[in-house]
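Have a look at the structure below, then the notes.
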Amino acid sequence: MASAQMLLKNTKGIQFFKFLGTGGGQGFSLRPDFSTYAFLGVWDNFSAYNNCINSHPVFIEYQKKAITQRDLVLSPIKSHGLWSGKNPFSNTTPSKEEKDSNKKAVVITRATLRWNRLFSFWKSVPAASKAIEKADGIHYYKGIGEWPFIQQATVSIWENFESVNAFAYKDKAHAEIVKKTRQKKWYKEDLFSRFHLVSDITKNLK
Numbered sequence: 009m010a011s012a013q014m015l016l017k018n019t020k021g022i023q024f025f026k027f028l029g030t031g032g033g034q035g036f037s038l039r040p041d042f043s044t045y046a047f048l049g050v051w052d053n054f055s056a057y058n059n060c061i062n063s064h065p066v067f068i069e070y071q072k073k074a075i076t077q078r079d080l081v082l083s084p085i086k087s088h089g090l091w092s093g094k095n096p097f098s099n100t101t102p103s104k105e106e107k108d109s110n111k112k113a114v115v116i117t118r119a120t121l122r123w124n125r126l127f128s129f130w131k132s133v134p135a136a137s138k139a140i141e142k143a144d145g146i147h148y149y150k151g152i153g154e155w156p157f158i159q160q161a162t163v164s165i166w167e168n169f170e171s172v173n174a175f176a177y178k179d180k181a182h183a184e185i186v187k188k189t190r191q192k193k194w195y196k197e198d199l200f201s202r203f204h205l206v207s208d209i210t211k212n213l214k
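Note that my numbering has the sequence shown beginning at 9, numbered continuously upward.
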């Protein structure tokens, strides 16, 4: 991944990117999933994204080794916090866009954990996994991250933002986890972002 990062660093049209591993099962686990990897990128426009994904040597090489590839194209709606010292999704559309119930919603969260809070955080992870598993309107969720244990992220796909808000503000188990987050000060840096799902395409590569 280090060599891939160097090759992508000066690629025209890409503003921000991260190579990410994933957790076992649905990803809310200390056990890594060595069969699944993720790439997060922010491009100047769709044309820059399309050219990069389909013609850059890094992605051509990955596609040779992969069995399937799932591409999620997202449009940012609301984002707050930082990822590596910046908010890559700060150029967002008005929050009233959330009211469009015909579009699926995507939520990306990420955090850098404090070393002295690791045990406390991971002790609460099973409760978080059960909470989202039972949530109404959830279509998909997966734990992702830059470094095991310390730099964690999640991606989830929902029926709409009504489902997201019901889980975020009304689910008791989730509310308890949010409360612990503030009380125990788990995070050194965090970010919470909402998107509309523009397209979701799975390609069979073998």
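Where a beta carbon is used, it is the ideal one built from N, C-alpha and C, also for glycine. Computed from a predicted structure; not experimentally measured.
Could you spell out the range, first to last residue, of the alpha helix (DSSP H) harbouring Pro134?
126-141
Where does the unbroken alpha helix (DSSP H) through Arg190 begin, and where does it stop?
180-192
Would DSSP call Phe47 helix, strand or coil?
strand
How big is the Cα-Cα spacing for Ile75 and Tyr45?
12 angstroms
What residue from Phe27, Arg202, Thr189, Lys111 has the CA that sits closest to Ala119's CA?
Thr189
Do the region 26-41 and the region 190-203 meet, that is, are 3 or more Cβ pairs less than 8 angstroms apart?
no
Contact between the region 143-152 and the region 160-178 is defined here as three or more beta-carbon pairs at a separation below 8 angstroms; is this criterion met?
yes
Going along the chain, which residues of its own chain have a beta-carbon closer than 6 angstroms to the beta-carbon of Leu15, five neighbours each way excluded?
Val66
Below 7 angstroms between beta carbons: does that hold for Gly49 and Gly151?
no
Tell whether a beta-carbon distance below 7 angstroms holds between Ile61 and Phe203.
no
With DSSP run on the structure shown, which of helix, strand or coil describes Ala174?
helix
Which of the three DSSP states is assigned to Asn62 in this structure?
helix
If you reduce the DSSP assignment to three classes, tell me which class Glu154 lands in.
strand
For Asp79, collect the residues of the same chain with a Cβ closer than 6 angstroms to its Cβ; drop the 5 residues on either side in sequence, then sort them by chain order.
Ile209
Please name the residue or residues paired with Arg122 in a DSSP beta bridge.
Answer by DSSP bridge pairing: none, since Arg122 is not bridged.
Once you ignore the five residues that flank Lys214 on each side, which residues in its own chain have a CB closer than 6 angstroms to its CB?
Ile75
Answer with buried or exposed for Phe127, where buried requires no fewer than 16 other C-beta atoms within 10 angstroms of its C-beta.
exposed
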